[in-house]
Structures are given as C-alpha cells and as structure tokens.
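Novice:
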Amino acid sequence: MGKLRYYRFLYRYLRLVAFQRDTLGRTAEALAASRPDALCCRFEEEAISFAAMNRRANRRANFFHGLGVGKGEVVCLLMENRPEFLETVIGLAKLGAVTALLNTNLKGSALAHCINISGATRLIVGAECLEALQAVLPELESVATAGLFVDTRWSGGIPPPAGTSDLNDMLARADESNPHHPPLSSKDLVLYIYTSGTTGLPKAARINHYRLHGAGLAMGFYALALNSDDVVYCALPLYHSNGILIAFGSAMVSGAALALSRRFSASGFWDEAAGMGATAFIYIGEVLRYLVNQPPSPAERQHRVTRILGNGLRPDIWPAVGERFGIAHIREFYASTEGNAITINLDDRPESVGTCVLKFSDNLVVVRYDVEADDYIRDAQGHCQRCQPGEAGELLAENTRTVPFHGYANAKETERKILRNVFKPGDAYFRTGDLVSRDAQGHYYFVDRIGDTYRWKGENVSTQEVQEILSGFDGLHMVNVYGVKLPGAEGRVGMAALQMGEGQAFDGAGFYRFATERLASYAAPAFVRLVSEMDLTGTYKLRKTDLQSQGFDPEQVEGALFYVDRDNSTYAPLDSKVYRDIIGGSLGF
Numbered sequence: 049m050g051k052l053r054y055y056r057f058l059y060r061y062l063r064l065v066a067f068q069r070d071t072l073g074r075t076a077e078a079l080a081a082s083r084p085d086a087l088c089c090r091f092e093e094e095a096i097s098f099a100a101m102n103r104r105a106n107r108r109a110n111f112f113h114g115l116g117v118g119k120g121e122v123v124c125l126l127m128e129n130r131p132e133f134l135e136t137v138i139g140l141a142k143l144g145a146v147t148a149l150l151n152t153n154l155k156g157s158a159l160a161h162c163i164n165i166s167g168a169t170r171l172i173v174g175a176e177c178l179e180a181l182q183a184v185l186p187e188l189e190s191v192a193t194a195g196l197f198v199d200t201r202w203s204g205g206i207p208p209p210a211g212t213s214d215l216n217d218m219l220a221r222a223d224e225s226n227p228h229h230p231p232l233s234s235k236d237l238v239l240y241i242y243t244s245g246t247t248g249l250p251k252a253a254r255i256n257h258y259r260l261h262g263a264g265l266a267m268g269f270y271a272l273a274l275n276s277d278d279v280v281y282c283a284l285p286l287y288h289s290n291g292i293l294i295a296f297g298s299a300m301v302s303g304a305a306l307a308l309s310r311r312f313s314a315s316g317f318w319d320e321a322a323g324m325g326a327t328a329f330i331y332i333g334e335v336l337r338y339l340v341n342q343p344p345s346p347a348e349r350q351h352r353v354t355r356i357l358g359n360g361l362r363p364d365i366w367p368a369v370g371e372r373f374g375i376a377h378i379r380e381f382y383a384s385t386e387g388n389a390i391t392i393n394l395d396d397r398p399e400s401v402g403t404c405v406l407k408f409s410d411n412l413v414v415v416r417y418d419v420e421a422d423d424y425i426r427d428a429q430g431h432c433q434r435c436q437p438g439e440a441g442e443l444l445a446e447n448t449r450t451v452p453f454h455g456y457a458n459a460k461e462t463e464r465k466i467l468r469n470v471f472k473p474g475d476a477y478f479r480t481g482d483l484v485s486r487d488a489q490g491h492y493y494f495v496d497r498i499g500d501t502y503r504w505k506g507e508n509v510s511t512q513e514v515q516e517i518l519s520g521f522d523g524l525h526m527v528n529v530y531g532v533k534l535p536g537a538e539g540r541v542g543m544a545a546l547q548m549g550e551g552q553a554f555d556g557a558g559f560y561r562f563a564t565e566r567l568a569s570y571a572a573p574a575f576v577r578l579v580s581e582m583d584l585t586g587t588y589k590l591r592k593t594d595l596q597s598q599g600f601d602p603e604q605v606e607g608a609l610f611y612v613d614r615d616n617s618t619y620a621p622l623d624s625k626v627y628r629d630i631i632g633g634s635l636g637f
C-alpha cells in the first residue's frame, strides 16, 4: 500500500478526530449534492442514485420527525437486506436517532431481550420478519402494538398484527426534502449493533458517527483503496458490523457504490457479483469456505473483483482463494464490533491479521494469559507481562482519543470489558478476549478465543446463553454447552452435554423442536452427548476442557452420542460410521 494513500487516509482521519463534524446524514446529503446521478446502491433489479437514496431517506426522516422522534431516541429495526434498511438508518441518523439493528436469526427470549435492552418504544419491521416478532410481542416491555411500523414491500408469512401501521402507505405522503438537523457531531450515537460478548445474552454495542466513518476510512478508503469508480459487493447481513460498518460505511465514505445482495448464496455468488460489476467485496471466513467448496465454474473468473476484505479466513484455504478466483489482494483484518483493537493485513501476508493501522498511535499490546487458570500472569508488582514475539497471549487495546472504546448501552457491561492498572496506575485497556501472537515485524496472528464463547458461521455464540435456553427442556437436569473443532471448518461448532433427570429418557425429535424454535441455526448444538454426572469445579462451575478435547468421536466418548439430523428433524444416534461420514464431509455441516 503506497505512502501517498496512507497520508491521505491519515489526513482525513485526523480531520475526523479534530473537528467531529462528519455524520451519516451530512455525508448522504453531500453525495446527493455533488454526485446526484452516480450509483449509490444496486439491489436486484434496482439501481439507486445518491440523490434518490437521499430522497428516500428524507421521507423516513420527515415522517418519523412528525411523530416526535428526535435526537437520542432509539428505534429498533428488524429487516432483511434491502434498500429500505439503508434508507431507515440514514433517515433516522438525520434526526440524531439511534437505530438498533436486530439480528434476523434471533428468536424467542433472545430477540425479546435485544429489543427490551435497547429502551426503544418504536420498532420498524419488515413483513418478512413478522413471524419471529409476533411470537415475542407479549414479552416486550416498551414497544406496544401502536409503536410497530410494518414495511410491507415483501410479503410475510402472516398478516400484520391489528393496530400496527403500514409504513409504506405513510411514506408515500412524506416530504422528500432534507430535514432540519438537530445539533449533531461525530460523537453522537447512530447505531446499536448487538454482540454476544464472552458471556450472557447479546449486548448492545454503542456505535457513533465517528466509528462508522472511521471504519469506512480505514477499511474502505485506505485498505481497499476504494474510489468513486468502485462497486463494493455485500452478501453479508446489514445487521452485522461487517455489513453496515465496513461494506456500507466504506462505500459512503469513499463515494463508491454498494452492490447489496438479499442473502448469501454460494452457488449464485459469482454470477451476482459479476452482474453487479463488483470490484471488491466484504467477507467473513465462512463465506470463502463455502465458495472454495463449490464446483468450479466459469463465473468465478469472469468478474472484476481485484481485492477483498474481511476476517476469519482459514489458513488452509487462503492460497486457494487468491489463485482460484483470481483475486490479487486479500485484506484480512482484526477488529470487533465494539472494540478499539484494529489491525489490517495490507501486505498480502498469508495467515496474518495485519499490523496496527495508526502507526503513530499504536494502542495494542499482547500480554501473558493463563488459559487454564483463566487469569492474567502478573509480575511482582501486580502488572501484566508483555509477550515475547511469537508468544500467544491476550490482545489488549489502550483506550485513547484517536482509538477510543465506546462501550455498550449498559454501563456495567462496559466496565467488565476494561482492564485497569495494566502497566501503571490509572491506565485502561479494552479486553478483547482473544489470544493472538505478534511477530518481530509487528504482524499479528489470531490464535483462539478465551473463555466460553466460540465462533461458528461468522457469529459469536455464548455458551451461557445457549445453556440458559436449553435448560428449559423437559426432563433435563443439567446442560453444559461448548464448542468443538470440526475438520475442514473454521471456528468451533456447538455441542451440548446433557444430564437427564432421574428416570428421564432423551427424546431426539423433541429436543430438535425445542432447540430450533428458540435458537438461531448457528447457535443450536450440532452434537449432543449424554452424561450420567456433570463434571464440576470446586466452586460448582462447569468443566469444559475434557469435553472439548473428546469432541464427538465415539472412540473417545463414553455414553450415547447424537448429531443434528435436519432432514428428519431430530437428533439421531452418532456411531463410528456416521462419524466417518461427518469427518469426510458427506454430511455437510
């Protein structure tokens, strides 16, 4: 990456820090004024210009302003990928409101929890998501039926509940002119993005305009070198930080077009990317694994994509991605939705998550961590110890003005992620919860997650959350959830050890119904083992180490084993033959 590009990025980034004037609404209006006819978003058969996107966002802004929505108010959004998602985020941002982006995979108590902790009294829902929402309406604390606005562009499986508002009818009469902006700065919040964290139910990460623009500058303008001629393809969900902050944020900050897919399709990926004229795309590692596992096709080389950016790319398929698909630059990065630890691989170095982006303000340090004791290794003065090059430890990020940690909506959750007095009294560092190593040249390499959270299909899964939900299954005495390695896949797949109550038998079909009705598909355990007694520590904490090491291998596991058989809607017995089929990939997970 050339020095000129870096200095241009640095200039814009320092202006963002110094003046704090960049907001999403101002950026949308500036692009509509300077490049009105240029392509802003392509979606299926639609090609939306910057001027048209701004007008659509204005309709939403003026409509909700008329209802009294203003600065600081939180509005929940439950919607699949489509232009209306972006119009809503931009429109509410102009009012200084905060859009809480709900994961469309969530169901039951987890979905209700995310809505309730937001503090929102209004919720915008796409008709395609009504079924999941209607199931939790009795559990909502602040959102009443009168506060529900249904976007009916796509039909859902059920009709809108009585007393809700048809948003499309109302927007048809709304003003398209730019609304009056309240006093706003880059420090003001614009989004809540939910993250599982390391324990418990999802937390609402506080995302301000500064973070949205900073992500666009670092990832899009700098790492991908985007300009107004580029088209960024996004097949990731917009509720995900890689979708909304990196894909959308990069396009807006760079003046590039966003090519938006309704959802990821491995078989149709390259056809759609090429058809939309994509020159770059945003990934998570699981996406690339699916693409590599697809049969070769002419479309995978008949495209304009020259560079990609994302995280979680598995080392063993790294070379295949570039060679097979003809991609010159893979920009793997390390970051989290809420955190202030950011690295980007700008050198095309295989397997590395890169180096610190701001060379003059390196806030990263790797410290020694005892995984078994689940604690930091400290010196005689009680300070953390820095790791040597190549030594794995936890990555910490100092909270600085140029790279701040903004925390969560819940102050207690924010404090839990801060480690104080690390090297001297009064210092404060963000705890990433990740084990990494750093070589002598400053390149970082991801090693693993600390604690109970595991990552599967691009999502962090909290074992505590899954345990709490599964514990409600009839006849179950105790449950222990953990992640296990699955050959050929990045991350860990979920497994549950079940101790049934006395005289209770395990019902595979019943457990399947219970789990799939209450958990997102990526969070429902893929494997189950029955135990006669749960292994506990002296303080009655569940032990996971031995369970994880044994995995789902019948040769190592005592007691009955089961795997999720989606074709027959049950958990079916797992024997040596099934185990070989799973390992061989014929029962694709």
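Under my numbering, the residues of the sequence shown are numbered 49 to 637, in order.
Heads up, the beta-carbon is just placed ideally off N, CA and C, and yes, glycines get one too.
All values derive from a computational prediction rather than experimental measurement.
#1: Which value, in whole angstroms, describes the spacing of the CA atoms of R561 and Y611?
#2: Please go through the same chain and pick out, in chain order, the residues whose beta-carbon is closer than 7 Å to the beta-carbon of H113, but skip the five residues on each side of it.
#3: Mind checking P367: buried by the 16 CB within 10 Å criterion, or exposed?
#4: With a cut-off of 8 Å, do at least 3 Cβ pairs link the segment 543–552 to the segment 516–524?
#5: Taking a contact to mean a Cβ-Cβ separation below 8 Å, would you say V340 touches R310 in this structure?
#6: Between the Cα of P398 and the Cα atoms of I365, A428, L412, D418, which residue gives the shortest distance?
#7: Which ranges would you report for the beta strand (DSSP E) in the segment 61–128 if only whole runs of at least 3 residues count?
#8: Mapping DSSP to helix, strand and coil, what is K505?
#9: Looking at C-beta atoms only, is the number of pairs between the segment 290–299 and the segment 78–87 that lie closer than 8 Å three or more?
#10: Alpha helix (DSSP H) containing T593: first to last residue?
#11: Quick one: complete alpha helix (DSSP H) runs, 4+ long, within the segment 464–501?
#12: Check the C-beta distance from C435 over to V401 and give it rounded, since I have them as a contact under 8 Å.
#13: Measure the alpha-carbon distance for S203 versus V173 and round it to whole angstroms.
#14: Using the Cα positions of T75 and G268, report the straight-line distance between them to the nearest angstrom.
#15: Keeping to the same chain, check which residues put their C-beta closer than 7 Å to that of T327; ignore five residues upstream and five downstream.
#16: Using a C-beta cutoff of 8 Å, does Y281 count as contacting chain B?
#17: Where does T587 land, buried or exposed, given buried means 16+ other C-beta within 10 angstroms?
#18: Pick out whichever of E128, N110, I138, D70 has its Cα sitting closest to the Cα of G98.
#19: Could you check if S234 is buried or exposed, using at least 16 other CB atoms within 10 Å of its CB as the buried criterion?
#20: Nearest CA to the CA of A252: which residue from A158, A220, E606, M218?
#21: Quick one: what's got a C-beta closer than 6 Å to N458's C-beta in the same chain, skipping five residues either side?
#22: My understanding is that L578 touches I517, with C-beta atoms under 8 Å, so please give their C-beta distance in whole angstroms.
#23: Hey, would you say A389 sits closer than 8 Å to L443, going by beta carbons?
#24: Grab me the residues of P535's own chain with a C-beta within less than 7 Å of its C-beta, minus the 5 sequence neighbours each way, in chain order.
#25: How would you label S510, buried or exposed, when you count the other beta carbons within 10 angstroms and need 16 or more for buried?
#26: Excluding the 5 residues flanking G374 on each side, which residues of the same chain have their C-beta closer than 6 Å to its C-beta?
#27: Go through its chain and collect everything with a Cβ distance to I571's Cβ below 6 Å, but skip five positions before and after it.
#28: Beta-carbon separation of V301 and Y240 under 8 Å?
#29: With contact counted as at least three CB pairs below 8 Å, one residue from each stretch, are the segment 595–608 and the segment 526–534 in contact?
#30: Can you tell me the Cβ-Cβ gap for N359 and E386, rounded? I've got them flagged as a contact below 8 Å.
#31: Assuming contact is defined by CB atoms lying nearer than 8 Å, are G156 and V184 in contact in what I supplied?
#32: Return the CA-CA distance between E439 and A488, expressed in angstroms with no decimal places.
#33: Could you check which residue in C162, E187, P186, C177 has the C-alpha nearest to that of V7?
Specialist: If we stick to the structure as given:
#1: Locating residue 561 in the sequence shown gives position 513, counting from the first residue. Locating residue 611 in the sequence shown gives position 563, counting from the first residue. R561 and Y611 have their alpha carbons spaced roughly 14 Å apart.
#2: Translated into positions along the sequence shown, residue 113 becomes position 65. Excluding the 5 residues flanking it on each side, H113 has same chain C-beta neighbours closer than 7 Å at L143, P227, in chain order.
#3: If you number the sequence shown from 1, residue 367 lands on position 319. An exposed status is given to P367, since fewer than 16 other beta-carbon atoms sit within 10 Å of its beta-carbon.
#4: The answer is yes - the segment 516–524 touches the segment 543–552, with three or more Cβ pairs under 8 Å.
#5: Residue 340 sits at position 292 when you count from the first residue of the sequence shown. Residue 310 sits at position 262 when you count from the first residue of the sequence shown. With contacts defined as CB atoms closer than 8 Å, V340 and R310 fail to qualify as a contacting pair.
#6: Working through the sequence shown from its first residue, we reach residue 398 at position 350. Out of I365, A428, L412, D418, the CA that lies nearest to the CA of P398 is found in I365.
#7: Those beta strand (DSSP E) runs which fall completely within the segment 61–128 and span 3+ residues are 87–91, 94–97, 122–126.
#8: Residue numbering aside, residue 505 sits at position 457 when the sequence shown is read from its first letter. In this structure, K505 counts as coil in the three-state DSSP scheme.
#9: A contact is defined here as three or more CB-CB pairs under 8 Å, and the segment 290–299 fails this definition with respect to the segment 78–87.
#10: Your numbering for residue 593 matches position 545 in the sequence shown. 593–598 is the extent of the alpha helix (DSSP H) around T593.
#11: For the segment 464–501, not a single whole alpha helix (DSSP H) run of length 4 or above is found.
#12: On the sequence shown, position 387 is the one that residue 435 refers to. On the sequence shown, position 353 is the one that residue 401 refers to. Contact doesn't hold; Cβ gap of about 16 Å is too wide.
#13: What you label residue 203 is simply residue 155 of the sequence shown in a count that begins at 1. What you label residue 173 is simply residue 125 of the sequence shown in a count that begins at 1. The straight-line gap separating the alpha-carbon atoms of S203 and V173 is approximately 12 Å.
#14: For the purposes of this step, residue 75 is taken as residue 27 along the sequence shown, with counting starting at 1. For the purposes of this step, residue 268 is taken as residue 220 along the sequence shown, with counting starting at 1. Straight-line Cα distance between these residues: approximately 15 Å.
#15: As a working note, residue 327 is residue 279 in the sequence shown. For T327, the CB contacts under 7 Å within the same chain, skipping 5 residues up- and downstream, are D278, V279, R352, V353, T354 in chain order.
#16: The displayed structure is made up of one protein chain only, and chain B is not part of it.
#17: Position 539 of the sequence shown holds residue 587. Because the pLDDT of T587 is 40, which lies under 50, any placement of that residue in the model is unreliable, and the number read from its coordinates should be weighed accordingly. By the neighbour-count criterion, in which a residue is buried when 16 or more other Cβ atoms sit within 10 angstroms of its Cβ, T587 is exposed.
#18: Position 50 of the sequence shown holds residue 98. Here residue 98 is Phe; the residue named in the question, Gly, does not match the sequence. Of the listed residues, the one whose Cα sits closest to F98 is I138.
#19: Taking the sequence shown and counting its residues from 1, one reaches residue 234 at position 186. Under this definition S234 is a buried residue.
#20: The count along the sequence shown starts at 1 and reaches residue 252 at position 204. Cα-wise, what sits closest to A252 is A158.
#21: Here residue 458 is taken as the residue at index 410 of the sequence shown, counted from 1. Residues of the same chain with their beta carbon placed closer than 6 Å to that of N458 are lacking, with the five preceding and five following residues left out of the count.
#22: By one-based count along the sequence shown, residue 578 stands at place 530. By one-based count along the sequence shown, residue 517 stands at place 469. 19 Å between Cβ atoms; not a contact.
#23: If you number the sequence shown from 1, residue 389 lands on position 341. If you number the sequence shown from 1, residue 443 lands on position 395. Judged by their CB atoms, A389 and L443 are nearer to each other than the 8 Å cut-off.
#24: Here residue 535 corresponds to residue number 487 of the sequence shown, with the count starting at 1. Hits under 7 Å: I631.
#25: For this step, residue 510 is matched to residue 462 along the sequence shown. Result: buried.
#26: Residue mapping note: residue 374 aligns to position 326 of the sequence shown, counting from 1. Within the same chain, Cβ atoms closer than 6 Å to the Cβ of G374 are found at R349, the five residues on either side in sequence being excluded.
#27: For this step, residue 571 is matched to residue 523 along the sequence shown. According to the sequence shown, residue 571 is Ala rather than Ile. Hits under 6 Å: V509, V514.
#28: Locating residue 301 in the sequence shown gives position 253, where the first residue counts as 1. Locating residue 240 in the sequence shown gives position 192, where the first residue counts as 1. Contact: no.
#29: Short answer: they touch.
#30: Your numbering for residue 359 matches position 311 in the sequence shown. Your numbering for residue 386 matches position 338 in the sequence shown. Actually they do not touch by this definition, with Cβ atoms about 15 Å apart.
#31: Locating residue 156 in the sequence shown gives position 108, where the first residue counts as 1. Locating residue 184 in the sequence shown gives position 136, where the first residue counts as 1. Yes, they are a contact pair.
#32: Taking the sequence shown and counting its residues from 1, the one referred to as residue 439 is at position 391. Taking the sequence shown and counting its residues from 1, the one referred to as residue 488 is at position 440. Each residue's alpha carbon lies about 11 Å from the other.
#33: Not covered by the structure: residue 7. The range shown for the chain is 49 to 637.
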